[in-house]
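In terms of our numbering, the sequence shown is residues 2 to 304. Don't be surprised by glycine CBs; every beta carbon is placed ideally from N, CA and C.
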Amino acid sequence: MNGDWDSTDQEQSENLSLLACTRVQGDVMKTVIFHEHTISYSPSNRYIKMFLKKYIEKIETLGSVELDEELLELYVSLASTTGENMFIEGMCYKTYLLDKEQYTRVVLREEQMMISQGTTGLQTWDAGVRLADFFAEHPDIIRGQKVVELGSGCGLVGLTCAAMGASHVLATDVNSVVLKQLESNHPEYKDKVRVAELDWENIEECEKLSKDADVVIGADIAYDPTIVPVLVGALKAIVVSSQQVAYITATIRSPETFDLFLKMIDETEVLGKSVMTLTETNTTALCMPNPSADIRLVLITRK
Ligand SMILES: C[S@@+](CC[C@H](N)C(=O)[O-])C[C@H]1O[C@@H](n2cnc3c(N)ncnc32)[C@H](O)[C@@H]1O
C-alpha cells in the first residue's frame, strides 16, 4: 500500500484529485480496508492507521476536499486506540507483494514486537525484506534450484524463493516457537517448502543437508558476535562445492560484528566472499523496509 502513496510518479499525481473525491474515498475503503483479503489477513491497526493517515494527508494537499465520513471515523478510532505507541504486542498479518502483474504474494502471520517470547524470529527483519526483494528482482538465481534457508524466522525469504520458482526450499530455524509459526506460515507453498529444526552448532546435520542446497540463504543471522563463529562453521559445512552459493544479508548495526563475520569467512581458507550494498531498490514488497537501514549482501562460495 505504501508504494502507491509514496510514489512521486506523474501518473499518480494526476490521479490524486480523482482519489480524493468522496465517492472514490468510499471505494478505497471498500476495496482496500474492507477487501476480502484485508479482512481474512488483517494487518495491524497501526498499519491501517498509517495507510489512512497517508491517504488523508494526500487528500488534504488538494485544499478543501471533504473527507469520507466512514474513513475519518475509522482513522480517529484507530488513532485513539493505537496512539503513538510503537510497542504493541500481538500477532498480525503482513502481505508481501512480490510481483504486481501476476499478483504473486507471500502472506505471513507475524508478531508486532521485534523481540517476543525471547526470540527475534517472530517478525520479519529489514534484511529479510531486502533479500526477498533481491530474489523477486532476480528470480533466475533461484529458479529450479534447491534452496536451504538458515535462521528463517517467519519465512519470508524462503517462501519468496518458492514463489519465484525454486524447485524446493528447506526452511530451518533453531527456536521451537519460531518453527511452529514457520510451519503455519506456508500453506500456499506446502508442496515445495519443508520446515526443519537446525541448530548451526550441529555440524553433522549441516553436512547432511548440504546435498539439498544449490543455494543457501539467510537474512539477519550474523547479528551477534557470539553466534558468528557457529554460523560460519555451518556455512563451511553446507557450502562444500564450487557449484553452491550462499546469499547472506546483514543489517549493519555494529560494523565490528559484520567485520568479524567477513574475517571469519576468510579464516576458513576454503570459503570466498564478495560483498555488495543492497540499497533501496524499486521495492516490490508491500511493506516498509526501513530506507535508512544499511544492508549488505554477502555472497559466499567455495574457493
Ligand atoms: C533476526 S532473526 C532473522 C529472521 C529472518 N531471517 C528475517 O530476516 O526476518 C534471526 C533468526 O536466526 C535464528 N537463529 C539464531 N541462532 C541460531 C542458531 N544457532 N541456529 C539456527 N538458527 C538460529 C533465530 O531463531 C531467528 O529466527
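Got a sec, what are the start and stop residues for the beta strand (DSSP E) residue i sits in?
i      : result
Tyr48  : Here Tyr48 belongs to no beta strand (DSSP E); instead the alpha helix (DSSP H) covers Asn46 to Glu61.
Asp127 : Here Asp127 belongs to no beta strand (DSSP E); instead the alpha helix (DSSP H) covers Asp127 to Glu138.
Cys155 : First-last for Cys155: undefined, no H or E at that position.
Val107 : Thr105 to Glu112
Ala247 : Val246 to Thr252
With DSSP collapsed to three states, give me the class of residue i.
i      : result
Val170 : strand
Val196 : strand
Gly219 : strand
Met24  : According to the sequence as given, residue 24 is Arg; it is not Met. Helix.
Val149 : strand
Gly273 : strand
Ile301 : strand
Ser81  : helix
Thr32  : helix
Ile142 : helix
Thr280 : coil
Ile266 : helix
Ala286 : Its pLDDT being 46, under 50, Ala286 is placed unreliably by the model, and nothing is read from it.
Using a Cβ-Cβ distance under 8 Å, would residue i count as near chain C?
i      : result
Asp225 : This model lacks chain C altogether, as it is built from one protein chain only.
At the level of alpha carbons, what is the spacing between residue i and residue j?
i      : j      : result
Glu208 : Ile218 : 16 Å
Asp295 : Asp260 : 14 Å
Val194 : Gly234 : 25 Å
Leu171 : Glu70  : 48 Å
His139 : Thr227 : 32 Å
Pro256 : Val77  : 42 Å
Val299 : Glu58  : 39 Å
Thr269 : Glu206 : 19 Å
Lys212 : Ala223 : 23 Å
Val108 : Thr161 : 10 Å
Asp174 : Leu73  : 43 Å
Thr278 : Ser153 : 21 Å
Asp134 : Leu99  : 7 Å
Asn283 : Ala80  : Bear in mind that a pLDDT of 44 at Asn283, under 50, signals an unreliable position, so the model cannot answer this.
Tyr56  : Glu37  : 20 Å
Met51  : Asp141 : 35 Å
Cys93  : Ser65  : 35 Å
Val1   : Leu132 : The question about residue 1 has no answer here: the residues shown for the chain are numbered 2 through 304.
Leu263 : Met115 : 26 Å
Ala247 : Ser275 : 11 Å
Phe136 : Glu67  : 42 Å
Gly27  : Leu75  : 12 Å
Val149 : Gly159 : 8 Å
Gly166 : Ile266 : 29 Å
Ala163 : Arg110 : 17 Å
Ser43  : Val271 : 47 Å
Thr23  : Ser117 : 41 Å
For residue i and residue j, which I take to be in contact (beta-carbon distance under 8 Å), what is that distance rounded to the nearest angstrom?
i      : j      : result
Arg106 : Thr96  : 6 Å
Gly145 : Leu183 : Contact doesn't hold; Cβ gap of about 23 Å is too wide.
Thr258 : Val229 : 7 Å
Gly122 : Val179 : 4 Å
Gln244 : Ala214 : Gln244 to Ala214, Cβ: 10 Å. No contact.
Glu273 : Lys237 : The sequence shown places Gly at residue 273, not Glu. Incorrect: roughly 12 Å between the Cβ atoms, too far for contact.
Glu45  : Gln113 : One point to set straight first is that residue 45 is Ser, not Glu, in the sequence displayed. At roughly 6 Å, the Cβ-Cβ gap stays under 8 Å, so Ser45 and Gln113 are in contact.
Lys369 : Ser168 : Beyond the ends of the chain as shown, which are 2 and 304, falls residue 369; an answer cannot be given.
Val231 : Glu202 : 5 Å
Ile249 : Ile204 : The pair is not a contact, with the Cβ atoms about 18 Å apart (cut-off 8 Å).
Asp221 : Trp126 : 4 Å
Ile34  : Ile49  : 6 Å
Specify, as a first and last residue, the run of the alpha helix (DSSP H) that residue i falls within.
i      : result
Thr39  : Glu37 to Ser41
Leu99  : No alpha helix (DSSP H) holds Leu99; the beta strand (DSSP E) holding it covers Met92 to Asp100.
Met234 : In the sequence on display, residue 234 carries Gly and not Met. Counting along the chain, the alpha helix (DSSP H) containing Gly234 begins and ends at Val229 to Ile239.
Leu123 : Leu123 -> no alpha helix (DSSP H), and no H or E assigned at all.
Lys181 : Ser177 to Ser185
Leu210 : Ile204 to Leu210
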